[in-house]
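Below is one structure; the comments refer to it alone.
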Amino acid sequence: MAAVESEVRPGVGYAGRVFRQIQEVIDETGGQAGALIRVLQQAQGLIGYLPAPVIKTISRDLKLPLSEVYGIISFYHFFSMVPKGKYVIQVCMGTSCYVKGGQRILDALRKEWGLEPEGITPDGRFSLETVRCLGCCGLSPVMAIGEDVHRKVKPSQVKDILNSYR
Ligand code: FES
């Protein structure tokens with residue numbers, strides 16, 4: 010369940026429920042080895058990403074320096090501090106894909122969908138990331154959407170590819 014950062018603050022309603030659930034996880038795990046990762050995973054599972062107010066709350070309640078919490082979040086690639094779309098688009102910008110048109114795919118996503126790297130469409134359908142290599146360099150340029158890997162992508166195909174995801 011994705012939410013914009015401004016909605017995820019301690020209080021009432023949806024945000025209040027989320028913070029209470031996170032607090033319960035902290036209470037269950039506090040003091041145990043590995044509590045931080047478990048709390049972060051559960052918080053991200055509830056919200057879809059880790060907004061700054063949630064990170065600060067976790068740091069305070071687990072009595073860990075904020076720098077340590079941010080360090081763990083940036084170390085593990087499965088944590089995200091930005092909202093993710095229903096479908097996550099990964100455009101490969103590794104050497105092979107870059108040379109064969111990775112930037113033109115990004116340009117097409119920006120032009121057709123207003124998507125920037127680390128951005129999300131207003132309807133939450135797509136979010137965009139750039140990656141270094143998706144492991145199929147011989148078929149570059151490559152773009153992944155969720156588990157699907159699209160190979161030898163031409164910028165002119167980008168619109169139709171995305172329209173096939175509902
Ligand atoms: S460089 Fe793009 S798949 Fe390897």
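Everything in the sequence shown is counted per this note's numbering, starting at 10 for the first residue and increasing by one. For each residue, glycine too, the CB sits at the ideal point set by N, CA and C.
Collapsed DSSP secondary structure at residue i in the structure displayed
i    : result
A44  : helix
L171 : helix
T139 : strand
V13  : Bear in mind that a pLDDT of 42 at V13, under 50, signals an unreliable position, so the model cannot answer this.
V200 : Nothing can be reported for residue 200: it is not among the residues displayed for the chain, which extend from 10 to 175.
V151 : coil
I129 : strand
Rounded C-alpha distance that separates residue i from residue j
i   : j    : result
A61 : D157 : 31 Å
L49 : P126 : 23 Å
K65 : L75  : 7 Å
R69 : S173 : 44 Å
Residue i Cβ short of 7 Å to ligand 1 heavy atom set
i    : result
V100 : no
T139 : no
S76  : no
V167 : no
T104 : yes
V151 : yes
Residue-level contact to chain C via CB, residue i, 8 Å cutoff
i   : result
Q51 : In the structure shown, chain C does not exist; there is a single protein chain.
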